[in-house]
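Written out below as structure tokens is the structure these notes cover.
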Amino acid sequence: MDKAAETFIIDDQAAGLFRVNRRAFTDPECLEQERRCIFDKCWLYIGHQSEVPHAGDYRSRTVAGRPLILVRGDDAVVRVLLNTCTHRGTMVCRQKSGNAKTFQCPYHAWTFNSRGQLVGVPGEDAYSPAFSREELALVAPPQVDDYRGFIFACFDPAAPSLYDYLAGAREYLDLVADQSALGMKIVAGQQSYSARANWKLLVENSYDGYHGMSTHQRYFTFLSDVGIDMRGGNLSTLPRQHALDLGNGHAVLEYQSAWGRPIAHWVPPFGEHRKAHFEQLRRRFDERFGPERARRICETSRNLGIFPNLVINDIMAITVRTFYPVSPDYMEVNAWALAPAEESAEDSALRLDNFLTFLGPGGFATPDDVEMLESGQRGFANREVGWSDLSRGMKREHPSITDELQMRTFWRRWNQLMTEPRLHRARKVA
Amino acid sequence: MSAPELPSRQEVEELLYREAALLDEWRLEEWLELLTEDATYQVPPTDVPEGDARNTLFIIADDAVRIRSRVKQLLGKSAWAENPHSRTRRLITNVRILGAEGENILATANFAVYRMRYESADTYIGRYDYRLIRQGKILKIRERRAILDNEALRPHGKISFIL
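The listed protein sequences derive, respectively, from chains A and B.
So for the first sequence, my numbering puts the first residue at 66; every next one is plus one.
So for the second sequence, my numbering puts the first residue at 335; every next one is plus one.
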């Protein structure tokens with residue numbers, strides 16, 4: 066194979082040009098390599114502490130193709146367990162969610178407790194003395210950790226700690242987690258959808274400020290129709306906005322937006338009767354954090370991408386979104402709403418309303434994003450056009466949210482992980 | 335207030351079939367005329383099909399303002415997910431009148447909605463729950479809830495038309 070075809074990215078910092086080989090979106094071999102080099106190596110989002118509040122609460126999850134159980138044990142510890150009987154493979158948890166003291170395999174009735182320990186084996190006297198229940202507990206991923214309620218797992222035992230892995234993204238998770246004095250919670254209801262497109266197109270899209278005014282014109286018209294002041298106009302001219310490389314492939318957009326924020330940023334569609342209430346909500350943040358951090362938490366929006374595939378967009382509501390490739394041209398997406406645990410029923414209803422104006426597979430924006438991604442994937446069939454361009458703002462000292470620094474941050478890390486093992490192999494051969 | 339006189343099943347079927355035809359033909363302004371001024375349109379999430387939109391993240395939970403905005407958007411140019419429009423075909427069956435609740439008439443029906451676009455065909459399967467109300471002689475839709483049996487919007491990806 067010629068060298069150009071093997072190269073995934075062109076990162077010409079002197080010229081200010083950045084290109085991505087479209088093979089990265091279409092090649093089944095590339096996907097296999099991603100499974101080994103990305104999804105088996107990186108910390109992956111599993112769920113949130115609030116989803117299993119009580120001992121015995123569990124949720125089935127599929128992460129990186131693996132069926133997992135997120136469960137809070139009778140010792141109150143939240144664990145991630147691989148959902149496969151250590152005997153012969155059958156999935157021991159058969160429900161999407163619930164509360165259980167034990168998981169009993171339906172095949173031969175091996176029974177595991179909520180900590181994953183094997184506590185029951187019918188006819189155990191048939192086994193030799195070498196048979197060990199301890200060895201046959203449900204298996205956990207090599208590393209599981211939590212940062213401020215967000216639970217991650219990593220299938221690489223040699224990977225750095227979650228704390229180090231998150232790097233600069235911790236500051237932005239803090240800005241989300243600090244929105245509650247009691248702890249944030251995932252709201253009931255999971256948006257389970259898909260796109261006939263490569264998963265990395267959704268990474269790019271989730272923090273793409275450039276597409277806002279063209280793809281989502283109908284959303285901004287809706288905002289204007291319901292009485293929101295859109296004189297701020299183009300996203301690129303918004304004050305106090307920036308795109309940042311947070312390290313390890315994570316990136317964020319931070320900006321002041323026209324839309325209201327249920328946390329404490331009132332806009333006319335929320336209703337005059339709520340104005341005083343919102344001022345009161347805001348004062349609580351001023352008291353807890355001082356005016357500057359309170360302003361940042363309440364008024365600025367953030368699109369955060371945690372490498373490789375966790376999106377936490379704290380915009381007109383907070384969405385937590387993760388997605389996995391099934392094939393190069395098809396991904397499955399799961400999305401949730403995150404809210405302060407202490408939020409009143411009325412405020413929570415307003416938050417969900419605001420969420421649905423833009424977000425989700427029936428919102429006024431997400432379906433158009435899915436459309437653009439799917440359209441791009443179909444466009445890639447034109448193999449004569451081999452590269453996509455992500456050069457915007459490359460020569461700017463402070464790239465704006467309508468530039469493409471955030472995507473370049475992702476792709477540089479992606480390329481590093483995808484090509485490092487090959488370099489190692491090459492060195493060994495030499 | 336006395337309970338409303340229940341309509342015949344035929345009358346409800348006529349309304350639902352007319353609605354299905356208007357939606358399939360993208361005659362959305364005429365479809366709005368079937369709704370009351372305060373009508374709502376909801377699609378619950380696939381994992382909490384009987385949820386309440388005030389405390390559960392739905393897929394769609396339109397109030398009267400958002401329904402009208404949705405129609406305006408879908409008939410405009412920049413609802414890219416439906417420009418060009420999908421073809422849809424709705425099969426409405428098992429229509430039942432469940433009774434009255436206050437002034438509302440409760441009715442339910444099963445649906446299979448096929449959406450064809452870019453030579454893919456996706457099937458939305460589920461149940462409609464309706465709250466109907468008689469305004470003068472005319473039966474109008476006050477609430478329509480499309481409850482999906484699909485476990486996920488896969489491979490549908492989205493509900494970009496009016497389900």
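For glycine and all other residues, C-beta sits at the position ideal for the given N, C-alpha and C.
May I ask you to report which of helix, strand or coil DSSP gives F423/A?
helix
Just verifying my parser: in three-state terms, what is the DSSP assignment at K471/B?
coil
Under 8 Å, do S259/A and G370/A count as touching if we go by C-beta distance?
no
Selection from D379/A, D77/A and M156/A that minimises the alpha carbon distance to Q244/A
D379/A
Have a look at L340/B and R352/B and give me their C-alpha separation to the nearest angstrom.
19 Å
So, is G436/B buried or exposed, given that buried needs 16 or more other C-beta atoms within 10 angstroms?
exposed
Contact list for the region 397-411 of chain A against chain B, Cβ threshold 9 Å
E397, V398, N399, A400, W401, A402, A410 and E411
Could you list the residues in the region 366-399 of chain B with a C-beta less than 7 Å from some C-beta on chain A, going in chain order?
V377, P379, T380, D381, V382, G385, A387, R388, N389, T390, L391, F392, I393, I394, A395 and V399
Let me make sure I understand the geometry here. Which of Q471/A, R213/A, G312/A and H342/A has the alpha-carbon closest to that of E408/A?
H342/A
Cβ atoms of G433/B and L440/B: under 8 Å apart, would you say?
yes
Enclosing alpha helix (DSSP H) for R347/A [first to last residue]:
K340 to E364
Taking its Cβ as the centre, do 16 or more other Cβ atoms sit within 10 Å of K250/A, making it buried, or is it exposed?
buried
Below 8 Å between beta carbons: does that hold for W479/A and I75/A?
no
Kindly list, in the order they appear in chain B, the residues whose Cβ is closer than 9 Å to that of F423/A.
Ordered by position in chain B, no residue passes the 9 Å Cβ test against F423/A, which lies about 12 Å from the chain.
Simplified DSSP state of N263/A, which is helix, strand or coil:
coil
In chain B, which residues lie less than 9 Å from F432/A when you measure between Cβ atoms?
Residue 432/A is actually Pro in this sequence, not Phe. Within 9 Å Cβ-Cβ: A413, W414, A415, E416, G491, K492, I493 and S494.
Bridge partners of S392/A, per DSSP?
Y395/A
Taking C-alpha atoms, which residue in P432/A, T474/A, T384/A and G441/A lies nearest to G112/A?
T384/A
Kindly provide the ranges of any beta strand (DSSP E) runs that are 3 or more residues long and lie completely inside the region 346-388 of chain B, ordered along the chain.
369-377
Establish whether the CB of M249/A and some CB of chain B are separated by less than 8 Å.
no
Measuring CB to CB, does L438/A end up less than 8 Å from L267/A?
yes
Put E269/A into one of helix, strand or coil per three-state DSSP.
helix
Listing by chain order, which chain A residues have their CB less than 7 Å from the CB of S403/B?
F287 and D290
In the DSSP assignment, what residue or residues form a beta bridge with M450/B?
R421/B and A455/B
Given L82/A, which residues of its chain have a CB within under 6 Å of its CB, disregarding the five upstream and five downstream residues?
S456
State the Cα-Cα distance for the pair F215/A and L135/A, rounded to the nearest angstrom.
12 Å
For A205/A, which option in G181/A, A223/A and S197/A has the closest C-alpha, if you only look at C-alpha atoms?
G181/A
Could you tell me the alpha carbon to alpha carbon distance between T155/A and Q169/A, rounded to whole angstroms?
10 Å
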